[in-house]
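In the working numbering, the protein residues as written are 453 to 1221.
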């Protein structure tokens, strides 16, 4: 319990520490503040409707970007801290033509608000943050990045992060009935639990504290950026296949928002809302809330009802931002998720004999100080997260369990606490340098229970991991920005420790420390107007689980003692990745083709015998490095505007090779990774009516069949799932939304034995204000 208290202490105290630091830095920031003004305005379409999510960039007379922001739900924006002078204001939004306005800021008097009208048009060069941990134009980013914008979020039939990723981006997924899912990027097997994943999830650029992606809902999300390829040179461990960065809302201007109420198939009801904007000239807020309930079990695509699939969810978030001086601000955020009575049906082959119920709890808090001074953009972030689950057995095939059902069988808790300090420095006109320091501590605690309610020894020992990392990346622009060269590297020092665990008497804890260095290089060059080539190469890694590195466990197998010994010299699993591609963009067309290759080395081999003396002396086994994997493939993306009212889009991922080496020396396809995945759809905008029809085709996926002797590898059935979303605006602030999931009632699964919903419909009424 002491370790749990430490996790909660970190969750509360780390953001508080950042606020204290912010208060100490505020007077210095105020002293440096100049006589500045704020520029405000609103972005609307040709019909006068607000355009949220538009990128507004202010540039000085030399063409250098001074500041940028996005329009809020009411289309409003505010850009504070502008020194006197002449500026150009560029407003961009995907599917609209860009608009540039000239603005003069004088030393006296207020700056008049501007009204920007966007006309339906082509594609904007979206701004992203994941590539370099700072806002960088997509046209100036060598890495392959997919952006899921506000339109995609609005029109995707999706209930959580996994849904929206699999329907819009080139990722593989594992998804169970009962709020449990995870992803894999670029050939790495999808993962839904644990702290050592091969794809990294961030929220606003810092570690998310989310292991189960089904618990991250979308009401507070502005956009999602998916970076493909190795990114440990900037982000550290886990960024092997790529990085998903979820960008949340930060509203300014007048208070605005919406509320919605919805009903749907399988007894679904939902009440949700969000509100955000400026309370005063220096204080702004965002608040979101969602209550979702599916009272009935769902029906699968084969027409049968799947028992034990009902659940309820409560989710809410709040953000408060304060401008403490011109160009300096403090933001505090908190999010809380609760899954209550989330039923789990078990594997289909077990019938109704392995049903369970779980309660899920996740809390996140952060505080960040950001500011600009003398060509430097500073940020200091403190964060803490707690992720807990409580699992009960509801049914069982074991007659000895019957008198005790339902009973609590397992509990787990993960806690994160960390600090990030970063500086982005434009040290010359063509050069910008990003450098910083990260520190994070992650703790893992689990508890097991017998059917009688007594504590029992958990399978895994309690552990913690401490990481300190320092990184830097420099971007050089040549030829007026036609060529961008990025070079970066990061050094991490990681300590993994297993600790004394209640009731685990056969275990001796210990600790292990290692360092990891990962470089990266990327280049993007405009070959001709609208056509750019891009290339990146980099290394990435994940550390071994704490139990592989440390500890000493004894067991009796066939009458002889076996000692499982951690290997403190175990090297991290490492990968080297490169990609090469070309991107074409015009007013109505965007196309990207990228080939990639990844080589994974030093994969872990379990149960390696390191000492086998004559009986009765114990056998000693451990973990070693030695396995490898090879992944290569092709990614395609295309968007096409047909007039001002119809848009076509699609993306595809094909693997030439995705092999991993087994302990026997043989190779096999990486499981749960499809050979071919294709997504395509059409958007239609007809005044009051907006609609999207989209589909996803998955082919060539394999997995173990754990219901057959020897757990053979089997081929999944190929499938195509089509969704439809229609929004009709009754009046300016009133609309009805109809979402149809799995339109053609396909029987399919993302994990064998766990089929997902057949066709379902949800109708929502939405009121904006």
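Think of the CB as a built atom: it goes at the ideal place given N, C-alpha and C, for glycine as much as any other residue.
DSSP bridge partner residues for residue i (one or two, in chain order)
i: residue 877; result: 828, 885
i: residue 1209; result: 752
i: residue 786; result: 770, 817
i: residue 952; result: Note: residue 952 sits in no beta bridge, so no partner.
i: residue 554; result: 540
i: residue 986; result: 976, 1033
i: residue 692; result: According to DSSP, residue 692 bridges with nothing at all.
i: residue 428; result: Given a span of 453 to 1221 for the chain in the structure shown, any question on residue 428 remains unanswerable.
i: residue 1028; result: 991, 1051
i: residue 1150; result: 1129, 1171
i: residue 659; result: 654
i: residue 795; result: 809
i: residue 872; result: 833, 890
i: residue 700; result: 673
Where residue i falls: helix, strand or coil (DSSP)
i: residue 1000; result: helix
i: residue 854; result: helix
i: residue 1126; result: coil
i: residue 569; result: strand
i: residue 802; result: helix
i: residue 683; result: coil
i: residue 513; result: coil
i: residue 485; result: Note that residue 485 scores 42 on pLDDT, short of 50, meaning its location in the model is unreliable; the coordinates nonetheless yield the value given after this. Coil.
i: residue 719; result: helix
i: residue 902; result: coil
i: residue 665; result: helix
i: residue 587; result: coil
i: residue 1091; result: strand
i: residue 892; result: strand
i: residue 863; result: strand
i: residue 498; result: coil
i: residue 471; result: For residue 471, the predicted model reports a pLDDT of 47, less than 50, meaning its position is unreliable and no value from the coordinates is stated.
i: residue 466; result: Residue placement at residue 466 is poorly supported in this model, since its pLDDT is 47, which falls under 50; the coordinates still yield a value, given next. Residue 466 falls in the helix class under three-state DSSP.
Run of the alpha helix (DSSP H) containing residue i, from where it starts to where it stops
i: residue 607; result: 602–607
i: residue 614; result: 613–620
Unbroken beta strand (DSSP E) run spanning residue i, endpoints
i: residue 976; result: 963–980
i: residue 1063; result: 1041–1063
i: residue 1103; result: 1098–1113
i: residue 846; result: First-last for residue 846: undefined, no H or E at that position.
i: residue 1165; result: 1165–1167
i: residue 633; result: 632–637
i: residue 1158; result: Where residue 1158 is concerned, there is no enclosing beta strand (DSSP E), given that its DSSP letter is neither H nor E.
i: residue 736; result: 735–746
i: residue 1202; result: Neither: residue 1202 is in no beta strand (DSSP E) and is coded neither H nor E.
i: residue 917; result: 915–930
i: residue 534; result: 528–534
i: residue 1013; result: 1012–1017
i: residue 1187; result: 1186–1193
Cβ-based burial, residue i [other Cβ within 10 Å; buried from 16]
i: residue 1207; result: buried
i: residue 886; result: buried
i: residue 647; result: buried
i: residue 856; result: exposed
i: residue 654; result: buried
i: residue 1204; result: buried
i: residue 1062; result: exposed
i: residue 621; result: buried
i: residue 757; result: exposed
i: residue 498; result: exposed
i: residue 767; result: buried
When the Cβ atoms of the segment 997–1012 are set against those of the segment 975–983, are three or more pairs found closer than 8 Å?
Contact fails: fewer than three Cβ-Cβ distances are below 8 Å.
Touching by the beta-carbon criterion (3+ pairs, under 8 Å), the segment 660–670 and the segment 944–952:
Touching, no.
Using a Cβ distance threshold of 8 Å, determine whether the segment 668–678 contacts the segment 1109–1129, with at least three qualifying pairs required.
Remark: fewer than three beta-carbon pairs, one from each stretch, lie closer than 8 Å, so the segment 668–678 and the segment 1109–1129 are not flagged as touching.
Determine, using beta-carbon pairs with one atom in the segment 724–737 and one in the segment 697–706, whether at least three such pairs fall under 8 Å.
Three or more Cβ pairs drawn from the segment 724–737 and the segment 697–706 lie within less than 8 Å of each other, which places the two stretches in contact.
Between the segment 630–639 and the segment 686–693, are three or more C-beta pairs nearer than 8 Å?
At 8 Å Cβ cutoff, the stretches touch.
Is the segment 896–916 touching the segment 872–884 in the sense that three or more CB pairs, one from each, lie closer than 8 Å?
Contact between the segment 872–884 and the segment 896–916 is absent, because fewer than three Cβ pairs lie under 8 Å.
The segment 708–721 / the segment 675–685 touching (three or more Cβ pairs under 8 Å)
Segment contact: the segment 708–721 against the segment 675–685, fewer than three CB-CB distances shorter than 8 Å; contact not assigned.
Would the segment 887–897 and the segment 916–927 be scored as touching if the rule is three or more Cβ pairs under 8 Å?
When Cβ pairs closer than 8 Å are counted between the two stretches, the segment 887–897 is seen to touch the segment 916–927, the count reaching three or more.
Contact between the segment 1133–1144 and the segment 1177–1188 (3+ Cβ pairs under 8 Å):
Contact between the segment 1133–1144 and the segment 1177–1188 is present, because at least three Cβ pairs lie under 8 Å.
Between the segment 1124–1139 and the segment 1090–1108, do at least 3 Cβ pairs fall closer than 8 Å?
Yes, the segment 1124–1139 is in contact with the segment 1090–1108.
Check whether the segment 492–508 touches the segment 520–531, counting contact only when three or more Cβ pairs, one atom from each stretch, lie closer than 8 Å.
In the pairwise beta carbon analysis, the segment 492–508 is classified as touching the segment 520–531: at least three pairs are separated by under 8 Å.
Three CB pairs or more closer than 8 Å across the segment 552–564 and the segment 601–618:
By the Cβ criterion, the segment 552–564 is not in contact with the segment 601–618, since fewer than three pairs of Cβ atoms, one from each stretch, lie closer than 8 Å.
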